[in-house]
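Before any comments, here is the structure.
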Amino acid sequence: MNQDSYQSMLVTVQAFHDKHDFKNNGGEDLAYRVALMAEELGEISACVTKGKSKQDLAEESADLLILLMGTAISAEFDLNEAFWQKMEKINKRKSKMVNGKIRVSEFKGIDKN
1059 MNQDSYQSML VTVQAFHDKH DFKNNGGEDL AYRVALMAEE LGEISACVTK GKSKQDLAEE
1119 SADLLILLMG TAISAEFDLN EAFWQKMEKI NKRKSKMVNG KIRVSEFKGI DKN
């Protein structure tokens, strides 16, 4: 299987869910999955703020990606399609400097000056 394709990643995550019977053991509960993703995001933050290695950052980022893909499986939506739809949408947006950093957003509630 081509390890560079989104589809092969998705099949591997689905196999992991099946192996541990996530569907019947609470592993696909969306609130639980959001909490797990928040935990992983905290670990990514710790990698950055504590100056951990790129390898540590990559591993924690992979954990978050696996959880995100698993959430798409659990919630029964096509993450690949959602990604491309969102990229098409945000590529049409303008960027602004906000507090000295570039930001690409709809800028709801943000001073655009």
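For the working numbering, count along the sequence shown from 1 and bump the result up by 1058.
In this text, a Cβ means the ideal position worked out from N, Cα and C, and glycines have one as well.
On a predicted model such as this, the values are computed, not experimentally measured, just so you know.
Exercise. Just how far apart, CA to CA, sit T1107 and L1115?
Worked result: Looking up residue 1107 in the sequence shown gives position 49. Looking up residue 1115 in the sequence shown gives position 57. C-alpha separation (whole angstroms): 11 Å.
Exercise. Between which two residues does the beta strand (DSSP E) carrying K1110 extend?
Worked result: If you number the sequence shown from 1, residue 1110 lands on position 52. Counting along the chain, K1110 falls outside any beta strand (DSSP E), and DSSP gives it neither H nor E.
Exercise. Which same chain residues, not among the five before or five after G1084, have their C-beta less than 7 Å away from its C-beta?
Worked result: As a working note, residue 1084 is residue 26 in the sequence shown. Y1090, listed in sequence order.
For this session: Note down the Cα distance separating T1070 from D1079, rounded to an integer number of angstroms.
Result: Counting from one through the sequence shown, the residue named residue 1070 turns up at place 12. Counting from one through the sequence shown, the residue named residue 1079 turns up at place 21. Approximately 14 Å, taken between the alpha carbons.
For this session: Tell me whether the beta-carbon of T1129 lies closer than 9 Å to the beta-carbon of L1088.
Result: Against the sequence shown, residue 1129 aligns to sequence position 71. Against the sequence shown, residue 1088 aligns to sequence position 30. Taking 9 Å as the Cβ cut-off, T1129 and L1088 qualify as a contacting pair.
Exercise. Under the rule that 16 or more other beta-carbon atoms within 10 Å means buried, what is E1164, buried or exposed?
Worked result: As a position in the sequence shown, residue 1164 is number 106, starting the count at 1. E1164 is exposed by the Cβ-count criterion.
Exercise. If you check the beta carbons only, do L1126 and M1095 fall under 9 Å apart?
Worked result: Residue 1126 sits at position 68 when you count from the first residue of the sequence shown. Residue 1095 sits at position 37 when you count from the first residue of the sequence shown. Contact flag set, yes.
Exercise. Opposite V1069 in the DSSP bridges: which residues?
Worked result: Here the question's residue 1069 lines up with position 11 in the sequence shown. V1069 pairs with nothing; no bridge assigned.
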